[in-house]
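**Student:**
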Amino acid sequence: MTTQLDRPAGGSPSAGAPQVATPDLLRALRSALGAKDGDGVVDASTRRRAEYTSDASNYRVVPQVVVFPRTADELAAVVDVSRAQSVPLTLRGAGTSVAGNACGPGVVVDTSVHLNRVLELDPGSQTALVEPGIVLDALQGHARQHGLRFGPDPSTHARCTIGGMIGNDACGSHALAYGRTSANVLELDVVDGLGRRWTTTAPPPELVEALRGVADRHLATLRTKFATFGRQVSGYALETLLPEHGGPAGDGGRGDATGSNLARLLSGSEGTLAVLTSARVRLVRESPATAFVVLGYPDMATAADHTPALLEHGPLAVEGLDRRLVEVVRARGGDVDGLPDGNGWLFVEVGGETDAEALAGATALVAASGTREHVIIPTRAQARALWRIREDGAGYAGRSPSGTPAWPGWEDAAVPPARLGTYLRDLQALMGSHGVDGHAYGHFGDGCIHMRLDLPLSEPGGVDRSGEFLRAAARLVAAHGGSLSGEHGDGRARSALLPLMYDDDALRAFEEVKAAFDPAELLNPGVLVRPAPLEADLRVPAARTAVEILPARPLSIAYPADGGDLTAAVHRCVGVGKCRAEPASGSGGVMCPSYIATRDEKDSTRGRARLLQEMANGTLVTDGWRSEEVRESLDLCLSCKGCSVDCPAGVDMATYKSEFLDHHYRGRRRPLNHYALGWLPRWTRLVALGQPVLPALVNVAAKVAPLRKAGMKAVGIDPGMAVPTFARQTFRSWFQALPDRDHGRSATPASPASTVTDVVLWVDTFTDGFDPQVGVAAVRLLEHLGFRVHLPTAKVCCGLTWVSTGQLDGAKRQLAATLDALDGDLAGMPVVGLEPSCTALLREDASRLLPDDPRAAALHSRVRTVAELIAEHRPDWTPPQLKTEAVVQPHCHQHAVMGFGADAALLARAGVDATQLGGCCGLAGNFGAEAGHRDVSVAVAEQQLLPALRKAGDAVPVVADGFSCRTQTDALAGRRPKHLVELLAEALPSTAPER
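If you're matching positions, the sequence shown starts at 11 in our numbering and goes up one per residue.
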């Protein structure tokens, strides 16, 4: 059989307008689910369909409708409607499938929204009954209370669902110890393609007979071609049908529930045989103690050569990582300290009943490792940062070593571990001959390699060349006795390659199994049996460049890392879905506050990227820059920039939002709040012209509730928003009124070795017009440290509020004036920022807004936070010892651009026991002030900020450098945080100028 290798002429992607749901289909679905038009349970809107066109793969398949069933019975009803209407159905969990397993052309069912509960958990039998949409980490949280865990743990454990894990037969790092998902599934409740609802412990008799017939007809093939090694995941697990294993109604001799063989057959079937409504799974006891070993080798193949010797010591996990991937992590600011010398590493986890036993096991393993380069890390907590590198590998590997986009497709091949080193050398030679490259990592203990490659999908003729390589790679892995997939499944990426791994008899057996469960082939069609061609439905080749999107005009922002193209930038999102997970505890992460607040795919970084990708495609989202669907998707983006650093693929949704808004409203009237908030620096300067009287009058008027609410409502500002108080005297006015204009010359440097250093203090709108005491404290602190403080002569603005509202021509004018003001006598001086968002804009965004002005690029090396300035110019300074606890809220833009390391170190040196929060405060500049955003703004504050304040109590000071963070904390908690410079300056001797 060779028909699975057929492909469109020239490898062209499928095109044309997507099929839409018929009124009959929508009526039938809503009737079956008791849903109403507009309640979101049955959603055929363009925006919703766009969000579900892809998973974490290269493929794009537009659904007709997306359904969110609330109960197992409703899920079964969706299957009935699909059958009655002859419309395909695809089940989806978190949408993190890498092979195109979870995107389909008919009804796409998202189980993660409602079907996400633990129904039972029995510590005695070590089992749990769960719904398919429960996230693995949520199940682990329940199990951990009893000293238990679910064994397999994919790197996406913080967002992948158990249903998705069962569908792909997922594994993860610890499958080496605990087995694949299929080995941990005891019983499944399903609805098959014939509408039959049954459990694997009591399957339909006719189905059992049909499967026995498959085994009888293909007995020799089942015995010789399947289960040849531990990670043979490709195709159906037909070894479960063998009579010596008990057949489909048996338990494989494992002592599990009768019918667990059938549960294992369904595991890894990728939703092509039945729809899962619940699963009973096995839980295991976690090793009481662990030790972590990192082994360094000259290259990845050599590391693979030594893996079999390590397996003899019974490790819990053996993971491989390429030096080039570690360099990507380092370049992104990640923590990679602690690695021994080498160009390839093995991360090995060893278990024991006690710490001493685990450490002894680690020591013995090192002796057998064949390398002198090693580090032993004695506890799980200490190893967490290094594990995080491995977990984020899929996203970090989204760029090849040369910096070009890298794609999945050949990211999951597996071979017997004894052949892994030889396979890697052969694969490297094959890649070289085809001109492709990528970062290697994966489950070396199981022989499974993950590697994203810079396939030339966007180049002319690149689809054909990519297909040639993938076919050659499939032949290579088959020659090594391997599997096209080791845990991700075959999906659309590899199903068409199955004839290169299996013979005709095996493929016929697949078809017969499919016919026994789903003869009409409505369940996830195009996958495994009669698959879609390899080159069909590829997402990237069908996308237009951004300048081709109508109405066509040049981009306003430079995208130097993406070839100057917004389309390439938004396709950084490959769908790994880290934005759907809450930031890891203690990580300081931010992404994605809006999704955590709403739990709606629309409000995830990935969901927004999908809309922008569909705008580039143009067949579903057809209005280009004028698209209301894209505008709606971006509406609840806080522009926090958290994704730019927390997303391993480097998606920067804040920048994309600014670009879109600039095009969307160009030549048209904007919302009034764009003028009220986007032009805030202008209004602040106008009020300041009448200081001190006019600011006082405005403040009085703002306290008159009816007047305030009416005015705010008129300009599109949420009436519940707290109005900041204008300062009676601006910071600039205070500074200019100082009697000693030669600041710093008479100040005593903080240490004898220090010399007077000229610095420019950036006067941002918020410090100048609302919180001048922050600027006063900064001058006092800097002069105490021997800095001579200068202000720009002109009253300029960095353009932040113009950027956040997408008024980029105005932003560029503001920024150009800023560059002029920082030139001349101030040229070359360090520029010290107090407001983190303005500091970040000057440091990073300036060069992308004005790429042809070298002064903008030079700001990157000139602009510093106060803490960074002190660390670089006064490293020996001993700050006053505050000896206090504090809740510290880093600004999101500081987290994303400058990082908080220098501030954290300075606080620690000042004797501050800081509880450093992650997440966003929720106000996020203009976001929380805009009408319709308040509920989400408060919900975001409740993620970390407000709970931390309640826990700390009123006596513990709060530190927040961001004006938004201080305003939000004051409004919602009644506590006004201090800027870092205020905290330090208040403890200095009273020798600096006062107001």
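Just so it is clear, CB atoms sit at the ideal spot from N, CA and C, and this is done for glycine as well.
Being a predicted model, the structure only gives us computed values, none of them experimental.
Over what stretch of residues does the alpha helix (DSSP H) that includes His498 continue unbroken?
**Tutor:** Taken as a continuous stretch (DSSP letters only), His498 belongs to no alpha helix (DSSP H), as it is neither H nor E.
**Student:** Measuring alpha carbon to alpha carbon, tell me which residue in Ala299, Ala313, Trp420, Pro426 is nearest Gly371.
**Tutor:** Nearest of Ala299, Ala313, Trp420, Pro426 to Gly371, Cα basis: Ala299.
**Student:** Use the C-beta contact count for Gln155: other C-beta atoms within 10 angstroms, 16 or more gives buried, fewer gives exposed.
**Tutor:** With fewer than 16 Cβ atoms within 10 Å of its Cβ, Gln155 is classed as exposed.
**Student:** To the nearest angstrom, how far is the alpha carbon of Arg190 from that of Asp422?
**Tutor:** If I take the Cα positions, the gap works out to 14 Å.
**Student:** Return the first residue and the last residue of the beta strand (DSSP E) that Arg292 is part of.
**Tutor:** Residues 284 to 292.
**Student:** Buried or exposed, going by whether 16 or more other CB atoms sit within 10 Å of the CB of His581?
**Tutor:** It is buried - the Cβ of His581 has at least 16 other Cβ atoms within 10 Å.
**Student:** Quick check on Val710: buried or exposed, where buried means 16 or more other Cβ atoms within 10 Å of its Cβ?
**Tutor:** With fewer than 16 Cβ atoms within 10 Å of its Cβ, Val710 is classed as exposed.
**Student:** Assign Thr414 to one of three DSSP states: helix, strand, or coil.
**Tutor:** Of the three classes helix, strand and coil, the one that applies to Thr414 here is coil, per DSSP.
**Student:** Among residues of its own chain, excluding the 5 on either side of Leu852, which ones have a beta-carbon nearer than 6 Å to its beta-carbon?
**Tutor:** Same-chain partners within the cutoff: Cys808, Leu869, Val873.
**Student:** Among the candidates Lys235, Gln95, Lys961, Ala289, whose CA atom is the shortest distance from the CA of Ala488?
**Tutor:** That would be Lys235, whose Cα lies nearest to the Cα of Ala488.
**Student:** Determine the closest residue to Val328 out of Asp309, Pro308, Val304, with distance taken between C-alpha atoms.
**Tutor:** Selected option, being the one with the closest Cα: Val304.
**Student:** If you reduce the DSSP assignment to three classes, tell me which class Ile567 lands in.
**Tutor:** If DSSP states are grouped into helix, strand and coil, Ile567 belongs with coil.
**Student:** Would you list, in sequence order, the uninterrupted beta strand (DSSP E) runs of no fewer than 3 residues that lie entirely inside the segment 855 to 910?
**Tutor:** Segments of the beta strand (DSSP E) lying fully in the segment 855 to 910: 873 to 875, 894 to 898.
**Student:** Under 8 Å by Cβ, that's how I've got Ala951 and Gly972 pegged, so tell me the actual separation to the nearest angstrom.
**Tutor:** Not really, about 13 Å apart at Cβ, beyond 8 Å.
**Student:** Could you check if Val661 is buried or exposed, using at least 16 other CB atoms within 10 Å of its CB as the buried criterion?
**Tutor:** Val661 is buried by the Cβ-count criterion.
**Student:** So what's Gly448 in DSSP terms, helix, strand or just coil?
**Tutor:** Correct three-state label for Gly448: strand.
**Student:** According to the Cβ coordinates, are Asp515 and Gly431 closer than 8 Å?
**Tutor:** Cβ distance not < 8 Å, so Asp515 and Gly431 don't count as in contact.
**Student:** Val30 to Thr629, Cα distance in whole Å?
**Tutor:** Going by the C-alpha atoms only, they are around 12 Å apart.
**Student:** Buried or exposed, going by whether 16 or more other CB atoms sit within 10 Å of the CB of Leu560?
**Tutor:** Classification for Leu560: exposed.
**Student:** For the beta strand (DSSP E) containing Cys458, list its first residue and its last residue.
**Tutor:** Start and end: 458 to 463.
**Student:** So Ile606 is in the beta strand (DSSP E); what residue range does that whole segment cover?
**Tutor:** Ile606 -> not in any beta strand (DSSP E); alpha helix (DSSP H) instead, spanning 603 to 608.
**Student:** Ignore the nearest five residues each way along the sequence and tell me which others in Thr100's own chain have a CB closer than 6 Å to its CB.
**Tutor:** The residues are Gly114, Val118, Asn534.
**Student:** Here's the rule: buried if 16 or more other CB atoms are within 10 angstroms of the residue's CB, otherwise exposed. What is Asp261?
**Tutor:** It counts as buried.
**Student:** Between Asp447, Phe78, Val123, Glu359, which has its C-alpha nearest Leu43's C-alpha?
**Tutor:** Nearest of Asp447, Phe78, Val123, Glu359 to Leu43, Cα basis: Phe78.
**Student:** How is Gln155 classed by DSSP in three states: helix, strand or coil?
**Tutor:** Reduced to three states, the DSSP call for Gln155 is coil.
**Student:** Could you give the uninterrupted runs of the alpha helix (DSSP H) lying entirely in the segment 936 to 964, keeping only those of 4 residues or more?
**Tutor:** Runs found: 944 to 951, 955 to 962.
**Student:** With three or more C-beta pairs closer than 8 Å as the rule, is the segment 888 to 900 touching the segment 959 to 966?
**Tutor:** The segment 959 to 966 vs the segment 888 to 900: in contact.
**Student:** On the DSSP letters alone, give me the boundaries of the alpha helix (DSSP H) that Arg37 sits inside.
**Tutor:** Arg37 -> alpha helix (DSSP H) spans 33 to 43.
**Student:** In terms of residues, what are the limits of the alpha helix (DSSP H) holding His794?
**Tutor:** Looking at the DSSP string, the run of the alpha helix (DSSP H) that includes His794 is 782 to 794.
**Student:** I'd like to check one pair, Val725 with Ala698: are the Cβ atoms closer than 8 Å?
**Tutor:** Not a contact, by the Cβ cut-off of 8 Å.
**Student:** Using a 10 Å radius around the Cβ and a threshold of 16 neighbouring Cβ atoms, would you call Asp65 buried or exposed?
**Tutor:** Answer is buried; the Cβ neighbour count reaches 16.
**Student:** Going by beta carbon distance, what residues of the same chain come within less than 7 Å of Gly240, once the five residues before and after it are set aside?
**Tutor:** So the list reads Asp456, once near-sequence residues are dropped.
**Student:** Take Cys181 as the anchor and find which of Arg102, Asn126, His498 has the nearest alpha-carbon.
**Tutor:** Answer by Cα proximity: His498.
**Student:** Determine the direct distance from the alpha carbon of Leu791 to that of Gly754, and round the result to whole angstroms.
**Tutor:** Bear in mind that a pLDDT of 41 at Gly754, under 50, signals an unreliable position, so the number given afterwards is only what the model happens to contain. Distance between the alpha carbons of Gly754 and Leu791 is about 11 Å.
**Student:** Do you know how far the Cα of Glu639 is from the Cα of Ala546?
**Tutor:** Looking at the two C-alpha atoms, the distance is approximately 26 Å.
**Student:** I need the DSSP call for Trp812, collapsed to helix, strand or coil.
**Tutor:** Of the three classes helix, strand and coil, the one that applies to Trp812 here is helix, per DSSP.
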